[in-house]
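Residue numbers for the sequence shown follow full-length UniProt numbering, beginning at 1 and rising by one. Cβ coordinates follow ideal geometry from the N, Cα and C atoms, glycine included. No experiment lies behind these values; they were computed from the predicted model shown.
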Amino acid sequence: MAISNINQLLIRNIDALAAARPLLVNIADDGFINAYLTQYPQACMDSYHSNYAEYQTVQRLGNTRLESHFSAEYHAKNQHDMVIIHFPKSKAELAFTLAMLAGAMREDAVIIIVGENKAGIKSVQKLSADYLAFSHKVDAARHCLMYIGRFKAELPTFNIQDFYQYYPVQVADKTLEVVALPGVFSQKSLDVGTQVLLKHLPNNIAGQVLDFGCGAGVIAAYIGILAPEAKLTLVDVSALALHSAQATLKRNQLHGQCIASNSLSDVTGKYDFVFSNPPFHQGVNTHYAATESFLSNIKPHLAINACITIVANSFLKYPPIMERMIGKTDTLTIEKGFAVYQCQI
């Protein structure tokens, strides 16, 4: 596996990263973790991920000096003397992350933030000013920057609900309220693609319903209001999305099962209806693999006469995949740059 630019920058500075109990936050494993634990044989490391696929990769390392964690918020078992944070794709998520971590750090803990220039890391000093007493750049290489800082004293106790964003969604005569954390797709308002999809849902939704790549749970919650007897399952790779989706369901007095899954890795059921506004961005890069994997592998999870409906940017070539892997696919609409595709087996 090629080492990412961010981890190349960390390895380049590994001599300056000595710590007894370091914490990595959303640092992908492609060699850095083993390099660090080899360099510092007395260190015990924690690795926290909000991305389930990255968490699984780290978990498979099986190192006895490494504890891996996946959740919407980090629950510290130990006080850390260093944290290394991958600058998130959502700038609002940085404040969330720093607020979450402040209580898990020793007073003298070193805060390292690394990220790609194209992700906007040059704004880190401004974005972290409410939480860090200082931060300054210590290295630049591979189109990435590395900053060091320390937390301010006596920061407020973290409460995840302080970071909830609420907004209403109305389609036809149905209204719901969405709850979303920073870093979750369409955190502040309903995206155009989902809006188009919700206007073209089947009339007979019932039985087992899967919302794939659920984000804050908008699609599933709307279906729950539209078809109260439907059994809702919501799937996403992001712990922040799953937490938001569960909060959205609760806010609207709905119930559903939320499952962390790398594409369909942890999905076991069969569904009568499947809906998705599938993601095609990972970090700051365009990334189609998860959606293509979903479309290629969903058929074993479809019940008899099941219906799958997705919305996507109209330039994405998903219909040929659906035709080949699922069955005859219809285009229900093309509007506002989005297309709604439907296949009934």
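Closest residue to residue i among the options (Cα-Cα distance)
{"i": "G337", "options": "K188, V196, I148, S189", "result": "V196"}
{"i": "residue 364", "options": "L190, R106, A141", "result": "Examination of residue 364 is not possible in this model, given that the chain is present from 1 through 345 alone."}
{"i": "L101", "options": "I219, H49, P300", "result": "H49"}
{"i": "A76", "options": "G217, S47, A290", "result": "S47"}
{"i": "A312", "options": "A227, P278, I304", "result": "P278"}
{"i": "I33", "options": "E67, S189, A247, A290", "result": "E67"}
{"i": "Y15", "options": "S186, A35, S4", "result": "The question names Tyr, yet the displayed sequence has Asp at residue 15. The residue with the shortest Cα to Cα distance from D15 is A35."}
{"i": "V114", "options": "R150, F87, G103, A227", "result": "F87"}
{"i": "K126", "options": "L94, E73, V169, A99", "result": "L94"}
{"i": "C44", "options": "A247, T64, L332, Q257", "result": "T64"}
{"i": "F96", "options": "A153, T157, Q42, H136", "result": "T157"}
{"i": "I148", "options": "I298, M82, V171", "result": "M82"}
{"i": "A72", "options": "Y55, I84, L198", "result": "Y55"}
{"i": "D272", "options": "I304, L249, K250, I11", "result": "I304"}
{"i": "G213", "options": "Y318, S261, Q187", "result": "S261"}
{"i": "N159", "options": "A99, R324, Q257, L10", "result": "A99"}
{"i": "L10", "options": "F275, L61, S90, V138", "result": "V138"}
{"i": "K89", "options": "V274, Y131, V124, L249", "result": "V124"}
{"i": "L249", "options": "Y222, K328, L198", "result": "Y222"}
{"i": "T57", "options": "P202, Y74, Q257, G31", "result": "G31"}
{"i": "I112", "options": "Q42, N13, L198", "result": "N13"}
{"i": "S293", "options": "Y318, T309, Q161", "result": "Y318"}
{"i": "Q42", "options": "A19, A153, A109", "result": "A19"}
{"i": "Q161", "options": "T291, R324, R251", "result": "R251"}
Residue i burial status per 10 Å Cβ neighbour count (16 or more: buried)
{"i": "L17", "result": "buried"}
{"i": "L295", "result": "buried"}
{"i": "N78", "result": "exposed"}
{"i": "H255", "result": "exposed"}
{"i": "N7", "result": "buried"}
{"i": "V284", "result": "Low confidence applies here, because V284 scores a pLDDT of 41, under 50, leaving its location unreliable; read the following figure in that light. That one is exposed."}
{"i": "T286", "result": "Since pLDDT at T286 reaches only 49, below the 50 mark, its modelled position is unreliable, and no value is offered."}
{"i": "A104", "result": "buried"}
{"i": "C307", "result": "buried"}
{"i": "G224", "result": "buried"}
{"i": "I298", "result": "buried"}
{"i": "A129", "result": "exposed"}
{"i": "F185", "result": "buried"}
{"i": "T38", "result": "exposed"}
{"i": "S244", "result": "buried"}
{"i": "I334", "result": "exposed"}
{"i": "Q187", "result": "buried"}
{"i": "D29", "result": "buried"}
{"i": "T268", "result": "exposed"}
{"i": "V340", "result": "buried"}
{"i": "F275", "result": "buried"}
{"i": "F151", "result": "buried"}
{"i": "Q342", "result": "buried"}
{"i": "A109", "result": "buried"}
{"i": "Q253", "result": "exposed"}
Residues bridged to residue i [DSSP beta-bridge criterion]
{"i": "L176", "result": "V169"}
{"i": "H49", "result": "F70"}
{"i": "H80", "result": "M105"}
{"i": "H86", "result": "V114"}
{"i": "L302", "result": "Y271"}
{"i": "E335", "result": "F338"}
{"i": "A140", "result": "L145"}
{"i": "residue 354", "result": "The question about residue 354 has no answer, for the chain in this structure spans 1 to 345."}
{"i": "P22", "result": "M82"}
{"i": "D236", "result": "A260"}
{"i": "F212", "result": "V235, S276"}
{"i": "C343", "result": "I308, T329"}
{"i": "N313", "result": "F338"}
8 Å contact criterion, which residue i and residue j should meet: CB distance rounded
{"i": "E232", "j": "D266", "result": "Correcting the residue type first, residue 232 is Leu in the shown sequence and not Glu. Not confirmed; about 16 Å, so no contact."}
{"i": "V235", "j": "I219", "result": "So it is not a contact: roughly 11 Å between Cβ atoms."}
{"i": "I345", "j": "I326", "result": "7 Å"}
{"i": "H301", "j": "L264", "result": "7 Å"}
{"i": "E116", "j": "N5", "result": "7 Å"}
{"i": "V237", "j": "Y52", "result": "5 Å"}
{"i": "A239", "j": "F70", "result": "6 Å"}
{"i": "L226", "j": "K174", "result": "6 Å"}
{"i": "H200", "j": "L332", "result": "5 Å"}
{"i": "I3", "j": "I84", "result": "That belief does not hold up - the Cβ atoms of I3 and I84 are roughly 15 Å apart, past 8 Å."}
{"i": "P202", "j": "T329", "result": "The pair is not a contact, with the Cβ atoms about 14 Å apart (cut-off 8 Å)."}
{"i": "V171", "j": "L198", "result": "5 Å"}
- request: Tell me, please, whether the segment 18–29 touches the segment 200–212 by the rule of three or more beta-carbon pairs shorter than 8 Å.
  value: Counting C-beta pairs closer than 8 Å gives fewer than three between the segment 18–29 and the segment 200–212, which falls short of the contact rule.
The segment 158–173 contacting the segment 108–126, beta-carbon criterion three pairs below 8 Å = No: fewer than three Cβ pairs fall under 8 Å.
Inset, instruction - State whether the segment 172–191 contacts the segment 137–147, with contact taken as three or more CB pairs (one from each stretch) at a distance under 8 Å. - result: Note that the segment 172–191 does not touch the segment 137–147; fewer than 3 beta-carbon pairs, one per stretch, sit closer than 8 Å.
Across the segment 213–227 and the segment 186–196, are there enough close Cβ pairs to call them in contact, namely three or more that are closer than 8 Å? Yes: the two stretches touch, three or more of their Cβ pairs being nearer than 8 Å.
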